[in-house]
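The next block holds one structure in the form of structure tokens; read it before the comments.
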Amino acid sequence: MPAPDTTPYVHGQQFAAPVPTIPPVPGASGRSLLVRFTRSVFWAILFSSLGVVAGTALITWEYLQPPFEPGSEMERDLLDEIMDAVELHPLVDSLRQANWIEDNYYAGHADSIATGGMHLVAEKLQGTQGITMRTFKHPTQEFTMMVAFLGFGVEGWPDVIHGGVITTLIQEGIDRQIHNFYGKYGNQHAQAISVDFKRRMRPGEVYAVIVPPAQVEMNPPQPEVMHLQMMPMVVRIEAPPRITPEALTIELPSMEELHAVANVQVRLVQDVTPERMAELEAGFASQKIEDK
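When you line the sequence shown up against the working numbering, it's residues 48 to 339, in that order.
Right, here's the structure in full:
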């Protein structure tokens with residue numbers, strides 16, 4: 048039975064019914080938080096999916112576009128832009144300011160781009176879709192550095208440079224290093240190379256191949272033979288690395304800049320008579336058997 052109203056009566060005062068108080072339903076706040084969390088997750092997944100789809104569609108559209116017609120005005124304009132990007136790159140400018148000696152070997156093959164040429168890096172792979180390169184050597188130390196712009200035609204996967212192209216660049220750096228500093232020891236007779244790919248390389252970027260001084264070893268029974276051990280690397284830097292002449296080492300700003308490093312062994316043989324070369328070949332074969 049409800050309790051009687053004991054409020055005093057006042058003449059002329061309007062009666063106001065009491066507003067009932069509804070107690071909160073147990074667990075309502077917990078369900079509200081769960082609903083809000085579920086709704087947030089739903090929108091996050093939705094917009095993330097839309098972003099992935101839009102990005103994939105954009106990349107797919109870019110890769111479906113054919114390259115410019117070889118020799119066309121648009122291709123020449125793009126090639127000029129790439130050349131300017133390499134020429135004005137901070138690393139190229141820094142090397143020139145530091146008196147590194149520039150080798151115009153690749154510039155001398157520019158006329159062979161349209162016809163294809165025979166040299167893989169200097170002719171076959173040049174152009175807007177391939178490699179545009181400048182090469183330097185240190186004025187006092189046995190260092191070679193190649194600065195290369197990598198186009199969109201040397202990818203293995205979309206937005207990833209092919210590992211074979213990276214190895215080819217390293218091999219080119221080895222050849223330039225031997226040409227610059229070790230040609231007096233003879234011609235290349237054999238070579239072994241292993242590449243450790245650290246981080247992926249993207250097209251449309253400028254990278255550098257650095258070849259430090261080689262460790263030179265001679266086998267006394269074979270004075271005509273010289274062995275070189277090198278460790279070239281591929282980096283992405285905007286200034287020349289610090290070179291310590293006493294230790295013949297280089298210092299990179301960060302290991303994050305290192306994209307690939309190779310371990311290379313090269314055998315150089317001087318010009319000898321066919322009879323002496325046969326003797327050397329026999330010695331190389333027997334050495335392989337002993338190593339096994």
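Built from N, CA and C at the ideal position, the CB exists for glycine as well. None of these values were measured; they are calculated from a predicted model.
Looking at the secondary structure, which residues open and close the beta strand (DSSP E) in which P270 lies?
Here the beta strand (DSSP E) through P270 covers Q269 to M277.
CA nearest to the CA of Q276, picked from A237, N310, E322 and Q317
The shortest C-alpha separation from Q276 is found at N310.
Look at T182 and R223 and say whether their C-beta atoms are less than 8 Å apart.
For T182 and R223, yes; Cβs fall inside 8 Å.
Whole-angstrom distance between R247 and W204, CA atom to CA atom
C-alpha separation (whole angstroms): 10 Å.
Among A329, A237, L305 and V263, which has the Cα closest to the Cα of R283?
Selected option, being the one with the closest Cα: L305.
Using three-state DSSP, classify L327 as helix, strand or coil.
Note: L327 maps to helix in three-state DSSP.
Beta-bridge partners of Y254, as assigned by DSSP:
In the DSSP output, where bridge partners are listed per residue, Y254 has A195.
Could you give the residue range of the alpha helix (DSSP H) that holds Q4?
The question about residue 4 has no answer here: the residues shown for the chain are numbered 48 through 339.
Nearest-angstrom Cα distance between F244 and W147?
Inter-residue distance for F244 and W147 is about 27 Å (C-alpha atoms, whole angstroms).
At what residues does the beta strand (DSSP E) containing L315 begin and finish?
For L315, the uninterrupted beta strand (DSSP E) segment begins and ends at L305 to V316.
Count the CB pairs spanning the segment 262–272 and the segment 204–214 that are closer than 8 Å, and state whether there are at least three.
Of all C-beta pairs linking the segment 262–272 to the segment 204–214, fewer than three are shorter than 8 Å, placing the two stretches out of contact.
Assuming R289 is part of the beta strand (DSSP E), what are its boundary residues?
Per DSSP, the continuous beta strand (DSSP E) segment holding R289 begins and ends at R289 to T291.
Closest by CA to G230, which one among G198, A132, S241 and E189?
Looking at G198, A132, S241 and E189, the one whose alpha-carbon comes closest to that of G230 is E189.
Quick one: using the 10 Å Cβ neighbour count with 16 as the cut-off for buried, is G118 buried or exposed?
G118 should be labelled exposed.
Would you mind giving the Cβ-Cβ distance between V256 and L216, rounded to the nearest angstrom? I have them listed as a contact below 8 Å.
With 8 Å as the limit, V256 and L216 qualify as a contact, their Cβ atoms being about 5 Å apart.
Within its chain, find whatever has a CB closer than 7 Å to the CB of G177; leave out the 5 residues flanking it on each side and keep chain order.
For G177, the CB contacts under 7 Å within the same chain, skipping 5 residues up- and downstream, are G198, G200 and V201 in chain order.
Beta carbon of V316 nearer than 8 Å to that of G220:
No.
With DSSP collapsed to three states, give me the class of T162.
Because the pLDDT at T162 is just 49, under 50, the model does not fix this residue reliably, and the value given afterwards should be weighed accordingly. T162 falls in the coil class under three-state DSSP.
With distances taken Cα to Cα, identify the nearest neighbour of E328 among H236, L299 and V242.
Looking at the Cα atoms, H236 is the closest of the given residues.
Assuming E149 is part of the beta strand (DSSP E), what are its boundary residues?
Residues I148 to D150.
Compute the distance between the beta-carbons of A195 and T179, then report whether it is under 8 Å.
With contacts defined as CB atoms closer than 8 Å, A195 and T179 qualify as a contacting pair.
Around the Cβ of M273, are there at least 16 other Cβ atoms within 10 angstroms (buried) or fewer (exposed)?
Buried: at least 16 other Cβ atoms inside 10 Å.
Could you compute how far the alpha carbon of E285 sits from the alpha carbon of L138?
Straight across, the Cα-Cα distance linking E285 with L138 is about 4 Å.
K245 by DSSP, collapsed to three states: which one?
In the three-state reduction of the DSSP assignment, K245 falls in the coil class, being assigned neither a helical nor a strand state.
Buried versus exposed call for R314 [16 or more other C-beta atoms within 10 Å across all chains shown]
In this structure R314 is buried. Its beta-carbon is surrounded by 16 or more other beta-carbon atoms within 10 angstroms.
Can you find the residues in the same chain that come closer than 6 Å, C-beta to C-beta, to L142, ignoring five residues on each side of it along the sequence?
Cβ neighbours of L142 beyond the five flanking positions: F183 and P287.
Can you tell me which of M193, Q262, E134 and R289 puts its alpha carbon nearest to the alpha carbon of M278?
Residue Q262 is the option with its Cα nearest to M278.
Under 8 Å between C-beta atoms of T175 and I129
Result yes, Cβ atoms of T175 and I129 sit closer than 8 Å.
Express the C-alpha separation of N227 and Q218 in angstroms, rounding to a whole number.
Using only the alpha carbons, I get a separation of about 14 Å.
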